[in-house]
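> First the structure, then my questions, so here it is.
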Amino acid sequence: MAAPMSYPAYPTRRPPASLPFGWAAVTVLLVGAALTIIGILMILAGFFNLLSDTFRAAYNASSDLVAFFQAIAGAMMLFVIGGVLAGVGGWLLRLWWIFLLVGVVTGVGSSGNTVRERELMRGPDVRVRCRACGRLNPDDAKFCLSCGQSV
């Protein structure tokens, strides 16, 4: 004879929805923000580098033209790399908002945003009322938790 279970078996919970690489929404937000900030800083560094080299070439009569074009090429590389990083970071930030919106609307991976998710979190709610005192007991209880009478 098998021993009765003390608690009813609860349904298994689904793992929260995740994005590529198994990232959660907060990770996507942080990586996107970091990439965007790094990209913007690289674009600004390239811009200030270009400005400073342009002024240096304009005010210095003995400036080397090759060095000036190398500075322009370096600034353009910073512009391109910074633009790509800022673009990827902005894409991740938009993905984060879409992930949150879809998660709230569909209830996937949410913590109780829908009735179904709240029911899964709470577990089964089958109760048996005691005839003597009226207390609600779990459905597998043999005796009342309050008065001790058989249910």
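For the sequence shown, our numbering gives the first residue as 2, with consecutive numbering after it. The beta carbon of each residue, even a glycine, is placed where N, CA and C say it ideally should be.
In the DSSP output, what is Arg57 paired with across the bridge?
For the purposes of this step, residue 57 is taken as residue 56 along the sequence shown, with counting starting at 1. According to DSSP, which records beta bridges pairwise, Arg57 is partnered with nothing at all.
> Could you check which residue in Arg128, Met43 and Gly75 has the C-alpha nearest to that of Val86?
Your numbering for residue 86 matches position 85 in the sequence shown. Looking at the sequence provided, one finds Leu at residue 86 rather than Val. Nearest C-alpha to Leu86: Met43.
> Three or more C-beta pairs under 8 Å: does that hold for the region 25 to 34 against the region 54 to 74?
The region 25 to 34 vs the region 54 to 74: no contact.
> For Ala72, I'd like the list of residues in its chain whose CB is within less than 6 Å of its CB, leaving aside the five on either flank, ordered along the chain.
Here residue 72 refers to the residue found at position 71 when the sequence shown is read from its first residue. Cβ within range, chain order: Asp54.
> Would you tell me roughly how many angstroms separate the C-alpha atoms of Ile99 and Ile39, rounded to the nearest one?
On the sequence shown, position 98 is the one that residue 99 refers to. On the sequence shown, position 38 is the one that residue 39 refers to. Approximately 23 Å between the Cα atoms of the pair.
> Bridge partners of Ser151, per DSSP?
Taking the first residue of the sequence shown as position 1, residue 151 is located at position 150. Ser151 pairs with Phe144.
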